[in-house]
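Going down the list, the sequences are from chains A and B.
Numbering of the first sequence is given in the UniProt record's numbering, commencing with residue 1 and proceeding in unit increments.
Numbering of the second sequence is given in the UniProt record's numbering, commencing with residue 1 and proceeding in unit increments.
Glycine residues also receive a C-beta, built at the ideal position from the N, C-alpha and C atoms.
Every value quoted in this text rests on a predicted model; they were computed, and no experiment measured them.
Number of protein chains: 2
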Amino acid sequence: MPNPTAAMLVIGDEILSGRTRDANAYHLAGQLTAVGIDLREVRVVPDDHDVIVGALHALRDGYTHVFTSGGIGPTHDDIAADAVAAAFGVGIAVRDDARALLEEAAARRGTVPSPEQLRMARIPDGATLIANDVSGAPGFSLGNVHVMAGVPSIFRAMLDALLPGLQAGVPRESREVRFEVGESRVAGPLRELAERTPALSFGSYPFSDGQVRGTTVVVRGTDATLLDDAIARLEEIRRAVS
Amino acid sequence: MPNPTAAMLVIGDEILSGRTRDANAYHLAGQLTAVGIDLREVRVVPDDHDVIVGALHALRDGYTHVFTSGGIGPTHDDIAADAVAAAFGVGIAVRDDARALLEEAAARRGTVPSPEQLRMARIPDGATLIANDVSGAPGFSLGNVHVMAGVPSIFRAMLDALLPGLQAGVPRESREVRFEVGESRVAGPLRELAERTPALSFGSYPFSDGQVRGTTVVVRGTDATLLDDAIARLEEIRRAVS
Chain A
1 MPNPTAAMLV IGDEILSGRT RDANAYHLAG QLTAVGIDLR EVRVVPDDHD
51 VIVGALHALR DGYTHVFTSG GIGPTHDDIA ADAVAAAFGV GIAVRDDARA
101 LLEEAAARRG TVPSPEQLRM ARIPDGATLI ANDVSGAPGF SLGNVHVMAG
151 VPSIFRAMLD ALLPGLQAGV PRESREVRFE VGESRVAGPL RELAERTPAL
201 SFGSYPFSDG QVRGTTVVVR GTDATLLDDA IARLEEIRRA VS
Chain B
1 MPNPTAAMLV IGDEILSGRT RDANAYHLAG QLTAVGIDLR EVRVVPDDHD
51 VIVGALHALR DGYTHVFTSG GIGPTHDDIA ADAVAAAFGV GIAVRDDARA
101 LLEEAAARRG TVPSPEQLRM ARIPDGATLI ANDVSGAPGF SLGNVHVMAG
151 VPSIFRAMLD ALLPGLQAGV PRESREVRFE VGESRVAGPL RELAERTPAL
201 SFGSYPFSDG QVRGTTVVVR GTDATLLDDA IARLEEIRRA VS
């Protein structure tokens, strides 16, 4: 059975304006790779209702899972929950279980949630909550769309709560061979090896490390024997070009 | 006249697998904001010909400019130039001016380009070259698509060569007010101000800075008077909630 697939939708004007460097896509990519869910696409879109709804339509039909980050919170620019409700054609309202989570978090600080904080308990009909042990305000899953916060510490907490419940695939193992020659020197034999081994994917990445200019070749796949053979062949190539 | 718009297409399995954290989107976002070109979307896609062609079709029709990074180089996984040629329905071949740039760069190292390096002189018909003073191998522009390298130092060099030739817009100024209270406390008056001032965009971003938990409100727009008024009102709000 092929691995589950995934797309990520990053919601936020602050990323597109260059104010903030997104950290969540990189974190999600590593976490999904580790459990054998193949991340196939990332999109970054602004805080614009229609654009978010359009992207949700495109992505949820194309992939097993869609993970979103950003746009949930108490302020006017937090419009992700409403956009998800609109994309699924369902209602949205403050829900008792989400409100209870906010009340618990507020109680730990000796307060009660303000009306503005209760906005974060507005959950689309039919969604399942995603726990958040950092700030209390939950994310949620609706169908194959998982809606999480943009603040990196909260995004990570929500992903930790969500991932164990998703069906894992076969983790793709990744191995590397470092060549201390430029990419062009490796290109010919690498192309031949890649064509002969279509079940593995081969990437070639130039690096420069102080005075050394070189190439890292990354091999990825799920078959350990094929990976062993490919690494052995890459070591031969390395001896030949060094 | 509204500002030119832009999308970015990041091409690379290594970003989606979590091996590499993309740096070019953040750099491009800041550079475009400074010249008044509005970055509206970023997509990250794998080294897959059909997926790249599909994304190019979608993005070049939707935005004034499309900037790509990654997938140009001498190895088998460098397929961006062919995908761009296919998306535009034009041929691709080694071009004399691009070959001359590679020969110059090789001559500075006392060599000549290898056949594999000459792959980097394959340019779609009708494209304009983008200079690269780091490694010599050029990027190119075809129509509204600007094809650049994924290695950050080369991406930046190509963007420096490209940007001055593109029509600039009105840079959107960005100002911030820092509140030492949580987002919920700011949400009500901020929503009112945002609704009253539709020509500006208001973003609210929680931060935690040691013991201080607070909110940065970012206001963006092109009208200095409106920005001054908004900042004055935000300072009033700050005094009221502190």
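Worksheet entry | Cutoff 8 Å: Phe-202(B) Cβ touching any chain A Cβ | Against chain A, the CB of Phe-202(B) has a partner CB under 8 Å away; the residue lies at that interface.
Worksheet entry | Span separating the alpha-carbon of Glu-14(B) from that of Thr-20(B) | 6 Å
Worksheet entry | Rounded distance between the beta-carbons of Ala-85(A) and Ile-92(A), thought under 8 Å | 4 Å
Item to complete: From the DSSP output, read off the bridge partner residues of Ser-174(B).
Response: Arg-220(B)
Worksheet item: Does the beta carbon of Pro-198(A) sit closer than 8 Å to a beta carbon anywhere in chain B?
Response: no
Worksheet item: Among Ala-6(B), Asp-133(B), Pro-113(B) and Gly-139(B), which has the Cα closest to the Cα of Pro-124(B)?
Response: Gly-139(B)
Worksheet item: Do Val-181(B) and Val-241(B) have their C-beta atoms within less than 8 Å of each other?
Response: Yes, the pair counts as a contact, with Cβ atoms nearer than the cut-off.
Worksheet item: If Thr-64(B) and Thr-5(B) are in contact, beta carbons under 8 Å, what's the gap, nearest whole angstrom?
Response: 5 Å
Discussion item. Once the 5 residues before and after Ala-232(A) are set aside, which same chain residues still bring their CB inside 7 Å of it?
Written reply: none
Worksheet item: Which residues, taken in chain order from the segment 29 to 41 of chain A, show a beta carbon closer than 7 Å to some beta carbon of chain B?
Response: Ala-29, Gly-30, Thr-33, Leu-39, Arg-40 and Glu-41
Fill in: Inter-residue spacing [alpha-carbon to alpha-carbon] between Gly-150(B) and Gly-169(A)
29 Å
Worksheet item: Closer than 8 Å, CB to CB, is Gly-188(A) near chain B or not?
Response: Closer than 8 Å to the CB of Gly-188(A) there is at least one CB belonging to chain B.
Worksheet item: How would you call Glu-183(B), buried or exposed, if buried means at least 16 neighbouring beta carbons within 10 angstroms?
Response: Flag for Glu-183(B) reads buried.
Discussion item. Between Ile-130(B), Asn-144(B), Val-134(B) and Ser-153(B), which has its C-alpha nearest Ala-161(B)'s C-alpha?
Written reply: Ile-130(B)
Fill in: Near-chain A residues of the segment 14 to 25 of chain B - C-beta to any C-beta below 9 Å
Glu-14, Ile-15, Leu-16, Ser-17, Gly-18, Arg-19, Thr-20, Arg-21, Asp-22, Ala-23 and Ala-25
Worksheet item: When the cut-off is 8 Å and only beta carbons count, does Arg-99(A) lie next to chain B?
Response: no
Worksheet item: From the beta carbon of Ser-174(A), is the nearest beta carbon of chain B less than 8 Å away?
Response: yes
Worksheet entry | Exposed unless 16 or more other CB atoms sit within 10 angstroms - verdict on Pro-115(A) | Exposed: under 16 other Cβ atoms inside 10 Å.
Practice prompt. From the DSSP output, in three-state form, read off Ser-184(B) for me.
Written response: Three-state DSSP puts Ser-184(B) in a helix.
Item to complete: Following the continuous alpha helix (DSSP H) through Arg-60(A), name the residue where it begins and the one where it ends.
Response: For Arg-60(A), the enclosing alpha helix (DSSP H) has its first and last residue at 49 to 62.
Worksheet item: Do you know offhand how far residue 247(B)'s Cα is from Ala-127(B)'s?
Response: Past the edges of chain B, shown from 1 to 242, lies residue 247(B), and the structure says nothing about it.
Worksheet item: Where does Ile-123(B) sit, in a helix, a strand or coil, going by DSSP?
Response: Strand.
Item to complete: Mark Ser-208(A) as exposed unless 16 or more other C-beta atoms lie within 10 angstroms of its C-beta, in which case mark it buried.
Response: Classification of Ser-208(A): exposed, given that the 10 Å Cβ count is below 16.
Worksheet entry | Contacting positions in the segment 60 to 80 of chain B - beta carbon closer than 9 Å to chain A | For the segment 60 to 80 of chain B, which is checked against every Cβ of chain A, the residues closer than 9 Å are Gly-73, Pro-74, Thr-75, His-76, Asp-77 and Asp-78.
Fill in: Reduced DSSP secondary structure (H/G/I, E/B, other) of Thr-225(B)
Assignment of Thr-225(B) by DSSP, reduced to helix, strand and coil, places it in the helix class.
Worksheet item: Could one say the Cβ of Ala-194(B) lies closer than 8 Å to chain A's Cβ atoms, at least one of them?
Response: yes
Worksheet item: Hey, Leu-56(B) and Val-145(B) are a contact pair by Cβ (cut 8 Å); roughly how many whole angstroms apart?
Response: 6 Å
Worksheet entry | Own chain partners of Phe-155(A) with C-beta closer than 6 Å, once the 5 adjacent residues on each side are dropped | Asn-24, Ser-69, Met-148 and Ala-149
Worksheet item: Glu-104(B) CB to nearest chain A CB: under 8 Å?
Response: So, not an interface residue.
Practice prompt. Answer with yes or no whether the minimum CB distance from Gln-211(A) to chain B is below 8 Å.
Written response: no
Discussion item. To be precise: take each residue of the segment 136 to 155 of chain A, compare its Cβ to all Cβ atoms of chain B, and keep it if any distance is under 7 Å. Which residues remain?
Written reply: Val-151
Worksheet item: Arg-220(A): buried (16+ other C-beta within 10 angstroms of its C-beta) or exposed?
Response: buried
Discussion item. So, for Glu-103(A): in the same chain, excluding its five sequence neighbours on each side, which residues have a beta-carbon less than 8 Å away from its beta-carbon?
Written reply: Excluding sequence neighbours, Glu-103(A) sits near Val-112 and Pro-113.
Worksheet entry | Distance, Ile-37(A) Cα to Gly-165(A) Cα | 13 Å
Discussion item. Counting only C-beta atoms, is Thr-181(B) closer than 8 Å to chain A at any point?
Written reply: A small correction: the amino acid at residue 181(B) is Val; Thr does not occupy that position in the sequence shown. It does not: the Cβ of Val-181(B) has no partner Cβ on chain A nearer than 8 Å.
Fill in: Same chain, Cβ closer than 6 Å to Ser-201(A), neighbours up to 5 away in sequence not counted
Arg-220
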